[in-house]
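K.L.:
Input: one structure, supplied below.
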Amino acid sequence: MKHLLVRVTDFTIVDEYTLRVEFDDGTVQSIDFAPVLHGYYFGPLRDLELFNQVRLDPEIFTLVWPNGADFDPATLYKWNEGEGEELAARMAQLERRAT
């Protein structure tokens with residue numbers, strides 16, 4: 017299986033938990049992260065103040081947060097093709113197991 021190599025080049029906060037993400041091939045996606053904010057790394061991002069501290073890491077070319085949370089750029093690229101829904105389901109399942 018070949019892994020998609022893509023880089024995040026820029027982003028803009030457009031709404032609560034929603035970012036407009038730009039990629040190195042010119043693709044732009046609006047991503048609502050709210051459904052995946054569960055678990056050890058992503059759960060704390062429900063704090064909007066922490067979520068809004070997102071930044072672009074210039075070495076790994078993806079979105080990162082101060083608590084160590086990040087996303088594979090390929091996952092972000094395919095977010096609206098089902099990757100986001102799949103991740104949300106996995107994160108919700110993990111949270112249910114933890115409670």
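Each residue of the sequence shown is one higher than the last, beginning at 17 in the numbering used here. Positions of the beta carbon are idealized from the N, C-alpha and C atoms, including for glycine.
Write down the C-beta distance between L64 and E32 rounded to the nearest angstrom, noting that I regard them as a contact closer than 8 angstroms.
P.N.:
So it is a contact: roughly 6 angstroms between Cβ atoms.
K.L.:
Do the region 89-102 and the region 38-56 make contact, defined as three or more Cβ pairs closer than 8 angstroms?
P.N.:
Yes: the two stretches touch, three or more of their Cβ pairs being nearer than 8 angstroms.
K.L.:
Determine the direct distance from the alpha carbon of R71 to that of R62, and round the result to whole angstroms.
P.N.:
16 angstroms
K.L.:
Is the Cβ-Cβ distance between R36 and F49 less than 8 angstroms?
P.N.:
no
K.L.:
Please confirm whether N68 and I29 have their CB atoms less than 8 angstroms apart.
P.N.:
yes
K.L.:
Report all residues from its chain with a CB closer than 7 angstroms to the CB of L110; omit the five preceding and five following residues, and keep chain order.
P.N.:
Answer for L110: H54, G55, listed in chain order.
K.L.:
I need the straight-line Cα distance from L21 to P74, nearest angstrom please.
P.N.:
15 angstroms
K.L.:
Taking the beta strand (DSSP E) that L35 falls in, what are its first and last residues?
P.N.:
Looking at the DSSP string, the run of the beta strand (DSSP E) that includes L35 is 34-39.
K.L.:
Could you give the first and the last residue of the continuous alpha helix (DSSP H) run that contains F58?
P.N.:
55-58
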